Amino acid sequence: MTASSAPVPPPPPPITHILETCLMVKDIRTSTDFYRDTFNVKPFLDTPRLSGFSLGQTTLLLFQLGATAADAPMPDDRGTIPGHGPSRDILDLLERQPATAHDRAATGLHQHFCFAVKTPEDVGTWETWLEEKKVKLIGKVDWPRGGKSVYFADPDGNVGEVGSRGIWEHY
Numbered sequence: 001m002t003a004s005s006a007p008v009p010p011p012p013p014p015i016t017h018i019l020e021t022c023l024m025v026k027d028i029r030t031s032t033d034f035y036r037d038t039f040n041v042k043p044f045l046d047t048p049r050l051s052g053f054s055l056g057q058t059t060l061l062l063f064q065l066g067a068t069a070a071d072a073p074m075p076d077d078r079g080t081i082p083g084h085g086p087s088r089d090i091l092d093l094l095e096r097q098p099a100t101a102h103d104r105a106a107t108g109l110h111q112h113f114c115f116a117v118k119t120p121e122d123v124g125t126w127e128t129w130l131e132e133k134k135v136k137l138i139g140k141v142d143w144p145r146g147g148k149s150v151y152f153a154d155p156d157g158n159v160g161e162v163g164s165r166g167i168w169e170h171y
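The opening position of the sequence shown corresponds to residue 1 in full-length UniProt numbering, with each subsequent residue numbered one higher.
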């Protein structure tokens, strides 16, 4: 049997959703407090290295910039979590400028993520809530399919979004 006639294995099962989304942050304490207090969600993991928040089927992870670069061997020889985060040259650039609350012009990764809600009215409620919490709002969109989004900046200038059904064909 030649390599070209070797049996092809069946495809793996389909992906169901993204399990984790990770944001690199300059000050883990400030960012953990922001997400806890603004989104009324208690972290299930809260360490000087990282914090984790359960959001339905998804986990939002906050990693202290520079603290997760090395591989992390698991106890009892269960494997190794590979290092996460920017390369040293990018890290040096990011660490040179202190975190400036909600400053999108500052040097940063400005990562994007979206929290899902069911209805456009829910987005409006969140917009009011974010304004009352003095969170910097940076954009709004009414989507052609009927969805609605409001965008905000977190303490690191990341671009967060609260979005309703009707943004994408599949949501």
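By construction, the Cβ of each residue, glycine as well, lies at the ideal position given by its N, Cα and C atoms. Every value quoted in this text rests on a predicted model; they were computed, and no experiment measured them.
Exercise for the section: Give the DSSP-derived three-state secondary structure of Thr-58 in the structure shown. Expected result: In the sequence shown, counting from the first residue as 1, residue 58 sits at position 58. Three-state result, Thr-58: strand.
Problem - Asp-33: first and last residue of the uninterrupted alpha helix (DSSP H) it sits in - result: Working through the sequence shown from its first residue, we reach residue 33 at position 33. Element bounds for Asp-33: 28-39.
Problem - Proximal residues to Phe-34 (C-beta, below 7 Å), its chain only, five neighbours per side dropped - result: For this step, residue 34 is matched to residue 34 along the sequence shown. Same-chain partners within the cutoff: Asp-154, Pro-155.
Practice task
For chain C, find out if any of its Cβ atoms is closer than 7 Å to the Cβ of Pro-155; answer yes or no.
Solution key: The displayed structure is made up of one protein chain only, and chain C is not part of it.
Problem - Where Val-123 sits in the DSSP three-state scheme - result: Indexing the sequence shown from 1 puts residue 123 at position 123. If DSSP states are grouped into helix, strand and coil, Val-123 belongs with the helices.
Problem - Closest Cα partner of Cys-22 within the set His-84, Val-117, Gly-147 - result: Within the sequence shown, the letter at position 22 stands for residue 22. Residue His-84 is the option with its Cα nearest to Cys-22.
Exercise for the section: Please work out which residues of its chain come closer than 6 Å, Cβ to Cβ, to Glu-127, disregarding the five sequence neighbours upstream and downstream, and give them in chain order. Expected result: In the sequence shown, residue 127 corresponds to position 127, counting from 1. The beta carbon of Glu-127 lies closer than 6 Å to those of Val-150 in the same chain, with the five residues before and after it left out.
Problem - Run of the beta strand (DSSP E) containing Asp-142, from where it starts to where it stops - result: Locating residue 142 in the sequence shown gives position 142, where the first residue counts as 1. Asp-142: member of the beta strand (DSSP E) spanning 137-142, first to last residue.
Handout entry: 7 Å Cβ cutoff met for Gly-163 and Gly-146
Key = Here residue 163 is taken as the residue at index 163 of the sequence shown, counted from 1. Here residue 146 is taken as the residue at index 146 of the sequence shown, counted from 1. The answer is no: Cβ separation not under 7 Å.
Problem - Span separating the alpha-carbon of His-17 from that of Lys-42 - result: To locate residue 17, count along the sequence shown from 1; it is residue 17. To locate residue 42, count along the sequence shown from 1; it is residue 42. Distance between the alpha carbons of His-17 and Lys-42: 22 Å.
Exercise for the section: Using beta-carbon positions only, say whether Thr-68 and Glu-20 come within less than 7 Å of one another. Expected result: Residue numbering aside, residue 68 sits at position 68 when the sequence shown is read from its first letter. Residue numbering aside, residue 20 sits at position 20 when the sequence shown is read from its first letter. Going by C-beta atoms, Thr-68 is not nearer than 7 Å to Glu-20.
Practice task
Tell me Phe-63's beta-bridge partners as DSSP assigns them.
Solution key: For the purposes of this step, residue 63 is taken as residue 63 along the sequence shown, with counting starting at 1. Its beta-bridge partners are Met-24, Leu-50.
Problem - Element boundaries [beta strand (DSSP E), containing Glu-161] - result: As a first step, residue 161 is located in the sequence shown; it is residue number 161 there, counting from the start. 159-163 is the span of the beta strand (DSSP E), which, as asked, contains Glu-161.
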